[in-house]
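Participant: The sequence shown runs -12 to 202 under our numbering.
Glycine included, each C-beta is placed from N, C-alpha and C at the ideal position.
Shown below is the structure under consideration.
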Amino acid sequence: GDSASALDELLIEVDESPIVVTANRTPVTQGVMYTALAQSMYSDTLWPALERALADAVKGNGAGLLKLYDDYYQRKPGGTYGNELEAFLAISCLDDPGPTSIAAVDEQIPVFTKAAKRFGATFAYGYSCALWPVPAVQRLEITGKGAGPIVVIGTTGDAATPIESSRNAAKALEDGVFLTVTADQHTGYGLNKCVVDAVDKYLIDLTAPPIGKVC
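Here is the structure:
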């Protein structure tokens, strides 16, 4: 059948009846499933695992989706977690708080839904920065003045960091050099010999790649 419709149906099903994996773990809710989907978008190498996890979930087995969810939150075997997301939240809210009230966040829902029909509304509901207790201070303007060439890598299919954001980062630098990597992956270094050679030459020999280079 239609895979998109099947995905939508499964999202509704787990919202109405979450899948219990083990008694001592959170069940696979719609929120868990959305997080698993987001985790899988970081690299096309994760797509086969997502495919298996979704097929299992349709049959009532949510272990695969829960594993992807755990990976996103850096859950370790003993049940502890890394703090990368906490740091990311603190930095993001102070760097660019966005809407600063619940009402302002809610007003963004139609905009997000129009841009991304399936995921927009879910990811627009981000009240964390709206409720963040520390006010944002003035952002620093980072230009890299006097640093010489600074290489910024952008990946064409990066779902977490759109390539336009990477381009903007390079443009903001006094001597930014943008390197494009064609791939469905979050971050580009190490994906192919072209980008490895270009970056290694920059780091070791201090020779930046030519403007407009694509790997």
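Thinking C-alpha only, which one of Asn155, Ala108 and Val121 is nearest Glu128?
Facilitator: Looking at the Cα atoms, Asn155 is the closest of the given residues.
Participant: Compare the Cα-Cα distances from Glu71 to each of Thr22, Tyr59 and Leu81 and report the closest residue.
Facilitator: For the residues Thr22, Tyr59 and Leu81, the minimum Cα distance to Glu71 belongs to Tyr59.
Participant: If we ignore side chains and look at the alpha-carbon of each, how far apart do Met28 and Ala146 end up?
Facilitator: One C-alpha to the other measures close to 6 Å.
Participant: Does DSSP classify Ser153 as helix, strand or coil?
Facilitator: Correct three-state label for Ser153: helix.
Participant: Throw me the rounded Cβ distance for the Val201 and Thr169 pair, which I believe falls under 8 Å.
Facilitator: That pair is a contact at about 6 Å.
Participant: Have a look at Pro196 and Asn179 and give me their C-alpha separation to the nearest angstrom.
Facilitator: Approximately 15 Å between the Cα atoms of the pair.
Participant: Looking at the secondary structure, which residues open and close the alpha helix (DSSP H) in which Ile(-1) lies?
Facilitator: Here the alpha helix (DSSP H) through Ile(-1) covers Ser(-10) to Glu3.
Participant: Tyr112: buried (16+ other C-beta within 10 angstroms of its C-beta) or exposed?
Facilitator: By the neighbour-count rule (16 or more Cβ atoms within 10 Å), Tyr112 is not buried but exposed.
Participant: So what does Thr142 bridge to, in DSSP terms?
Facilitator: Its beta-bridge partners are Val168.
Participant: Check the C-beta distance from Arg126 over to Asp82 and give it rounded, since I have them as a contact under 8 Å.
Facilitator: Confirmed, Cβ separation roughly 6 Å.
Participant: Check the DSSP bridge columns for Ile6 and list the partner residues they point to.
Facilitator: Per DSSP, Val15.
Participant: Hey, Leu55 and Leu37: beta-carbon distance below 9 Å or not?
Facilitator: Yes; because the gap between Cβ atoms is below 9 Å, this pair is in contact.
Participant: In terms of alpha-carbon separation, which member of Leu(-6), Thr32 and Thr130 lies closest to Gln172?
Facilitator: If we check each option's Cα against that of Gln172, Thr32 comes out closest.
Participant: I think Leu160 touches Thr194, with their Cβ atoms under 8 Å apart; what is that distance to the nearest whole Å?
Facilitator: About 17 Å separates the two Cβ atoms, so there is no contact after all.
Participant: Taking the alpha carbon of Asp2 as the reference point, which residue from Tyr21, Pro136 and Lys104 has its own alpha carbon closest?
Facilitator: Selected option, being the one with the closest Cα: Tyr21.
Participant: Does the distance from the CB of Ile119 to the CB of Pro149 come in under 9 Å?
Facilitator: In the sequence on display, residue 119 carries Trp and not Ile. No, they are not a contact pair.
Participant: Return the residue from the list Gly47, Cys80, Glu94 and Leu(-6) that minimises the CA-CA distance to Val8.
Facilitator: Nearest C-alpha to Val8: Gly47.
Participant: Give me the DSSP bridge partner(s) of Arg62.
Facilitator: According to DSSP, which records beta bridges pairwise, Arg62 is partnered with Tyr68.
Participant: Just verifying my parser: in three-state terms, what is the DSSP assignment at Val201?
Facilitator: Correct three-state label for Val201: strand.
Participant: Could you have a look at Ser30 and say whether DSSP puts it in helix, strand or coil?
Facilitator: Looking at Ser30 - three-state DSSP - the assignment turns out to be strand.
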